[in-house]
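Using the working numbering, you'd call the opening residue of the sequence shown number 30 and step up by one each time. By construction, the Cβ of each residue, glycine as well, lies at the ideal position given by its N, Cα and C atoms. Read through the structure below, which is laid out as structure tokens, and then see the notes.
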Amino acid sequence: MWMSLHAALASLIPYWVPPSIPPRDRGDDGFALQPFGMIVAAGVLIGASIMRRFSERHGVDDDDLRGLTMWIMVTGFIGAHVLDVIMYEPHKLAEDPLVLIKLWDGISSYGGFVGGALGYMFFVWWKRLQWALMADICIVGLLPAFSIGRIGCTIVHDHPGAPTDSIFGFDYPAWFVANLDPNLVGPMRLHNLAMYELAYLIPVNAIILWLAFKKVRRLPAGALAVLTGVLYAPVRFFLDYLRWNKTDPRYLGLTFAQWASIGFFVVAVIVAVRILKHGKVAPLAAELDGKPGGKRVPVAAAAKAKK
């Protein structure tokens, strides 16, 4: 009876990929709108809209916001591809070094985080902006955009995990399994790691966005960014233990994403301690007396103001 019930529950989550527009079979040539691309584009637009609303709340100059967004997107996309090649598919680099400039050929989420972080740090340093507030502005837009992108990853099933008999697994078809390992035959029930991550990111988004836009007892600037890192990194670390063993190379027993999770978590905790000790609440636009928000006060001007 239990086996029958388990099989019935397992069939509630069928393997299904929404068709392209217009519908095409695998391997067909010609232009078609892919569901993954459309969902990612929607995520970027929604994330950018939330990011703009939060920046306007703090009176940040629109030119600074546009510049920061551009730098994060460009460097994030480059980092996502370059680190994907170097850390996940080094054989491609050995065969063809030019694969590094083929930005459409593979991306990784943590590669995008690293690249985007480098773009953020350069732009904030260059424009003399407030590090903490601008980090919060970035995360308020990035988190929902990334989470919506995980919807796309879930429905195209491109993050397969290890075999499982869980009712939350998906019965991947024979051709997909053969691509993972030519020695395997037939369909196989696997974890869909993107779905697990998406399920976790939904409440994380609710918490971060509620904290970002609440009107009383606002958090110190930078707290949203570090809280996101503290919440996300450990879960991503443990999810990688469910990965298909042959899809990601290991470095001293851990995947690149696991090492990156450790690094991001440690940095987030260190910065969180500093914010708790010395952090200040970023003023709202109404509290700036018409001055642009997010700007660092020059040392000379700060000394003059104290006098």
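CA-to-CA, the gap between HIS188 and GLN287 works out to about 15 angstroms. In this chain, the alpha helix (DSSP H) harbouring ARG303 covers 285-307. Residue range 203-209 is occupied by the alpha helix (DSSP H) that includes ASN208. Contact between the region 305-321 and the region 87-107 is present, with at least three C-beta pairs closer than 8 angstroms.
For GLU118, the CB contacts under 7 angstroms within the same chain, skipping 5 residues up- and downstream, are GLY135 in chain order. Between the alpha carbons of VAL206 and ALA191 lies a gap of roughly 11 angstroms. In this structure, LEU162 keeps its C-beta atom at 9 angstroms or more from the C-beta atom of ALA297.
Counting C-beta atoms within 10 angstroms of its own C-beta, PRO232 has fewer than 16 neighbours from the protein chains shown and is therefore classed as exposed. A distance below 8 angstroms between beta-carbons, with the five flanking residues on each side excluded, links PHE83 to the following residues of its chain, in chain order: ASP165, ILE166, VAL169, GLY170, ALA241 and PHE242. Between HIS186 and VAL46, the beta carbon gap of about 7 angstroms places them in contact (Cβ cut-off 8 angstroms).
Per DSSP, the continuous alpha helix (DSSP H) segment holding GLY144 begins and ends at 138-155. The C-alpha of HIS307 is placed about 41 angstroms away from the C-alpha of PRO278.
With fewer than 16 other CB atoms across the displayed protein chains lying within 10 angstroms of its CB, ASN212 is exposed. Taken through DSSP and simplified to helix, strand or coil, HIS120 comes out as helix. Between the C-alpha atoms of VAL264 and TYR229 there is a straight-line separation of about 8 angstroms. With respect to GLY105, ILE177 sits apart: the two C-beta atoms are not nearer than 9 angstroms.
With contacts defined by Cβ atoms closer than 9 angstroms, ASP200 and MET224 do not form a contacting pair. Taken through DSSP and simplified to helix, strand or coil, ALA191 comes out as strand. Each residue's CA atom was taken as its position, placing GLY72 and SER137 some 17 angstroms apart. One thing to note: GLY144 has its Cβ within 9 angstroms of the Cβ of VAL111.
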